[in-house]
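Asks:
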Amino acid sequence: MPRILLLLMVFLLPSTALAGQEQLERGIDEYQAERFEEAQEILAAAQKEQPTSSAVAYHLGLALKQTGNLEQAVTNLKMSLKLEPMVSDAYPELIELLYLQNDFAGAGKFIAMAESAGVKPARVAFLKGQVLAGNNDSEGAVAALIKAKEIDPALAQQADFQIAQIYLKQGDRDKAQESLKSVISGDPSSELAGFAREYERRLTATAPRNWHLFAEVNLQYDDNVVVKPSQDVLGLVLPTPHDWSSNQNLRVLYEMPAKGPWLFNGQYSLYNNSYFKRYEYSQLSQGVTLAPAYRLTPQLMFSLPVSFNYTLLSYEAYSNQVTVKPTATAFFADDHLGQASFGYSRRNYMQNPVPSENRDADGYAGQMGYIYMFAGEKGFFNLRYEFSLEDAQGNNWSYLGNRLNADLLLPLASRTSVIISLEGFWQNYLNNHTIYGMKREDATYAATVNLSHELTDGVFVNFQYFHASDFSNLALYEYDRNVYSTGVEVRF
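All you need for this note's numbering is the position in the sequence shown, starting with 1, plus 662.
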């Protein structure tokens, strides 16, 4: 009986191998015809017939790559390098897949092996440049890309475009423009040259100015200047709550030209709001913010904004505040950003209230946010959550807070846009109120709609509506407020 089985195996094996070879050839034909899913199915069947075939593993890896099954593609391409005879063409395909999966260490290992074997040196050098750039080795990346175009001039245009992107991330606009000009001159009619022309146009348009000025004048109507409670409160008498005012905004922004991974911007802001009748509620506020930043990788940046604010009420000293807010920003894709921060602030009020009403405080806040840019970066959506602790000296002003913000900028036309902002703020006070004998709980909801139209270059007319409602278990702090304003803004 064993002898009969042996004879059967001898006769069956050649036919099995022949069937596997036919499937391999059919799979290659389907792949070359760009019917990748059919090729994948046929080559997977061929692998069952010939599990030790390096050619089957290689071509199945290629088909899997085209259908988006990257992990299985990597497995098969690695297999084609281990089986005999080894398929050396798998090196650049495998390196590219590992680069796409951000496995820079794994890609570097196979780059070294491909260089040692002398496999497709131009393409391997080009891929090496991409991998080193992804790993934040800009100098090595540029050297590898230069080598790639020296070996194969056909890669020059692609290599120069990659080099330009590396210089842009470093903030070296001059070198980036030189590389973009090389892309355009290489083949002016190509699609890549079109992209390069657009990049160069943006660089030329935005490069000269590091200083920016924003100045705005508004006429405003406020229907509850004095924050009058929604319900009558025994013993509380307040003046007429509504009034008109004139307010002005000034903001000066400086952005340091980026050189390498270090970034810096500074800002001075001034806000003045003068009420016509309720003069005692007029306010002037000034602020300075300094924000150094360091780009650790192209996808991750850390910043340390430090700000100081000084406020006058009725044009007399009222409060000052210092805030430090370490922030991490992650760039998930070209138009998607995430942020996380932790802030500390010290707020002082220049008044002499009764001890329980002393609002001098240390503030602690943690925040997470998401930003999505769209419409060619003319529109954005921003969502933020913040948890805060206000540790005030006065018994009545310490609380835990939860804040949720959403902002949406919509371009309605080439010169018209609208910004819609929504906010919810929930405060749970930590101590029993000294008058009411219970812990205060507030929920404040606010909405802002701002319509902006550019009359001419740099000159805008703005219309804004703001509403806030505070719901509190203590009637004194419950109110509604509506503010309407319109004005002109100049931006340089």
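Just so it is clear, CB atoms sit at the ideal spot from N, CA and C, and this is done for glycine as well.
Once the 5 residues before and after N1094 are set aside, which same chain residues still bring their CB inside 7 Å of it?
Replies: Excluding sequence neighbours, N1094 sits near M1100 and K1101.
Asks: Just the C-alpha distance for Y753 and L743, rounded to the nearest angstrom, thanks.
Replies: Spanning the two alpha carbons is a distance of roughly 8 Å.
Asks: Can you tell me which of the three DSSP states V968 falls into?
Replies: The answer is strand: DSSP assigns V968 an E or B state.
Asks: Rounding to the nearest angstrom, what Cα-Cα distance links L958 and A787 in this structure?
Replies: Roughly 25 Å separates the two Cα atoms.
Asks: Put V1174 into one of helix, strand or coil per three-state DSSP.
Replies: Because the chain in this structure spans residues 663 to 1154, residue 1174 falls outside the shown range and cannot be described.
Asks: Taking the beta strand (DSSP E) that I813 belongs to, which residues open and close that run?
Replies: Per DSSP, I813 belongs to no beta strand (DSSP E); it is in the alpha helix (DSSP H), S800 to I813.
Asks: Quick one: give me the first and last residue of the beta strand (DSSP E) that G1120 is part of.
Replies: First-last for G1120: undefined, no H or E at that position.
Asks: Quick one: is K727 buried, meaning 16 or more other Cβ sit within 10 Å of its Cβ, or exposed?
Replies: Buried is the call here.
Asks: For N909, which option in E755, P919, A877 and M918 has the closest C-alpha, if you only look at C-alpha atoms?
Replies: Ranking the options by Cα distance to N909, first place goes to A877.
Asks: Under the assumption that V718 contacts L686 (Cβ atoms under 8 Å), give the Cβ distance between them as a whole number of angstroms.
Replies: With 8 Å as the limit, V718 and L686 qualify as a contact, their Cβ atoms being about 5 Å apart.
Asks: Kindly indicate the opening and closing residues of the beta strand (DSSP E) around E1048.
Replies: G1041 to A1054 is the extent of the beta strand (DSSP E) around E1048.
Asks: Using C-beta distances below 8 Å, list every residue in its chain close to P954, excluding the 5 sequence neighbours before and after it, in chain order.
Replies: Here the set comprises W924, L925, F926, S965 and L966.
Asks: For the alpha helix (DSSP H) containing V781, list its first residue and its last residue.
Replies: Neither: V781 is in no alpha helix (DSSP H) and is coded neither H nor E.
Asks: Note down, one range per segment and in chain order, each alpha helix (DSSP H) of at least 4 residues found wholly within the region 714-774.
Replies: Listed in chain order, the complete alpha helix (DSSP H) runs (minimum 4 residues) inside the region 714-774 are 716-728, 732-744 and 752-762.
Asks: Between which two residues does the alpha helix (DSSP H) harbouring Q819 extend?
Replies: A818 to Q832 is the span of the alpha helix (DSSP H), which, as asked, contains Q819.
Asks: So what's K939 in DSSP terms, helix, strand or just coil?
Replies: Of the three classes helix, strand and coil, the one that applies to K939 here is coil, per DSSP.
Asks: Along the chain, where does the alpha helix (DSSP H) containing A1002 start, and where does it finish?
Replies: Per DSSP, A1002 belongs to no alpha helix (DSSP H); it is in the beta strand (DSSP E), H998 to Y1011.
Asks: From K939 to M1035, what distance separates their C-alpha atoms?
Replies: The alpha-carbon atoms of K939 and M1035 are separated by roughly 43 Å.
Asks: Where do the N-terminal and C-terminal ends of the alpha helix (DSSP H) with I704 fall, by residue?
Replies: Start and end: F698 to E711.
Asks: Mark M963 as exposed unless 16 or more other C-beta atoms lie within 10 angstroms of its C-beta, in which case mark it buried.
Replies: Per the 10 Å Cβ criterion, buried.
Asks: Considering Cα atoms alone, identify which of I704, Y1098 and E733 is closest to N1138.
Replies: First, the amino acid is wrong: residue 1138 is Leu here, not Asn. The shortest C-alpha separation from L1138 is found at Y1098.
Asks: Decide yes or no for the touch test of the region 1119-1132 against the region 1142-1149: beta carbon pairs closer than 8 Å, at least 3 of them.
Replies: Segments in contact, yes.
Asks: Could you give the DSSP three-state label for Q882: helix, strand or coil?
Replies: Correct three-state label for Q882: strand.
Asks: Whole angstroms is fine: what's the gap from Y1107's alpha carbon to D1069's?
Replies: Each residue's Cα considered, the two are about 14 Å apart.
Asks: Is it true that the region 1053-1062 meets the region 1072-1079, where meeting means three or more beta-carbon pairs spaced less than 8 Å apart?
Replies: No, the region 1053-1062 is not in contact with the region 1072-1079.
Asks: When you compare only the Cα positions, how much space is there between S892 and P903?
Replies: One C-alpha to the other measures close to 11 Å.
Asks: On a Cα-Cα basis, can you pick out the residue from D1104, D751, Q709 and E703 that is closest to T729?
Replies: Minimum Cα distance to T729 is reached at E703.
Asks: Exposed or buried, which one is T868 when buried takes at least 16 other CB atoms within 10 Å?
Replies: Because T868 sits at a pLDDT of 47, beneath the cut-off of 50, its placement in the model cannot be relied upon, and the following sentence gives the value as read from the coordinates. T868 should be labelled exposed.
Asks: Since E1085 is in the beta strand (DSSP E), which residue starts that stretch and which ends it?
Replies: Segment T1078 to N1094, the beta strand (DSSP E) holding E1085.
Asks: Please confirm if the region 998-1015 is in contact with the region 1023-1033, defined as three or more CB-CB distances below 8 Å between the two stretches.
Replies: Cβ pair count under 8 Å is three or more, so yes.
Asks: Give me, in chain order, the residues of the same chain whose beta-carbon lies closer than 7 Å to that of S1060; leave out the 5 immediate sequence neighbours on both sides.
Replies: Excluding sequence neighbours, S1060 sits near E1052, D1053, A1054, Y1091, L1092 and N1093.
Asks: Considering only residues of the same chain and omitting the five flanking positions on each side of A1109, which have a CB-CB separation below 6 Å?
Replies: So the qualifying residues of the chain are L1084 and H1129.
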